[in-house]
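Residues 1 to 133, numbered by the UniProt record's numbering, are exactly what the sequence shown covers, in order.
Idealized CB from N, CA, C, for every residue including glycine.
Bear in mind the structure is a predicted one, so any value in this text is a computation, not a measurement.
Note sheet for the following structure.
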Amino acid sequence: MADDLRTRESVRRKALWTLSHLMPGDPKAAAILDVLDNIEDQERVDLNRSHPGLDIDAARKAVLIERHSSSINIVDEASIPQPWRERFLQASIGSTRVIDGPYAHDWEKFLTEWQAEMQHLDAHRAARRARQR
């Protein structure tokens, strides 16, 4: 299950990054939207089987932030509920962190960016629906 989640979130991350360069309504977005729709369908099935999904606000509240000895706030990575932890890890590949955990400001930035990405995705889906009418 962990490998499935890692793979799914890796594919989602690549699709969202690719979509970010396209304007809503761009015909090149159609295949990417299909990939993202399939991921969401798969996720709904998986979450219904294993555990209820947490929305972004619940994930934000669940995460423990602690003061590191370096005087920087870090995230207790184990406190990030799945699938949010894997989403954050995929978005953070290559980011700097301390051994004890990722920087809290990177977690907050991820959540802000996620919301922007979901708004952009919604705009693409609305443009697709408008074209199909």
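Is the distance from the Cβ of ASP41 to the Cβ of ASP4 below 9 Å? no
In three-state DSSP terms, what is VAL63? Coil, per DSSP.
Cβ of ARG87 versus every heavy atom of the ligand MG: is any distance shorter than 8 Å? For the structure depicted, the ligand MG is absent and the ligand set is empty, with no information on it obtainable.
Nearest-angstrom Cα separation, counted from SER71 out to GLY101: Distance between the alpha carbons of GLY101 and SER71: 13 Å.
Does the segment 22 to 38 come into contact with the segment 101 to 111, if we say contact requires no fewer than three beta-carbon pairs (one atom in each stretch) closer than 8 Å? no
Other residues of its chain near ARG87: CB distance less than 8 Å, five sequence neighbours each side excluded: Around ARG87, the same chain offers GLU9, ARG12, ARG13, PHE110 and TRP114 as residues with beta carbons nearer than 8 Å, after the five sequence neighbours per side are excluded.
Bridge partners for ILE74 per DSSP, in chain order? GLU66 and TYR103
Straight-line gap, ARG67 to GLY94 (C-alpha atoms, nearest Å): 22 Å
Considering only the beta carbon of each residue, do ALA127 and PRO24 sit closer than 9 Å? yes
So the alpha helix (DSSP H) VAL11 belongs to, where does it begin and stop? First-last of the alpha helix (DSSP H) with VAL11: 2 to 19.
Indicate whether HIS120 and LEU19 have their beta-carbon atoms separated by less than 9 Å. yes
Please report the straight-line C-alpha distance between ASP122 and PRO81, rounded to a whole angstrom. 24 Å
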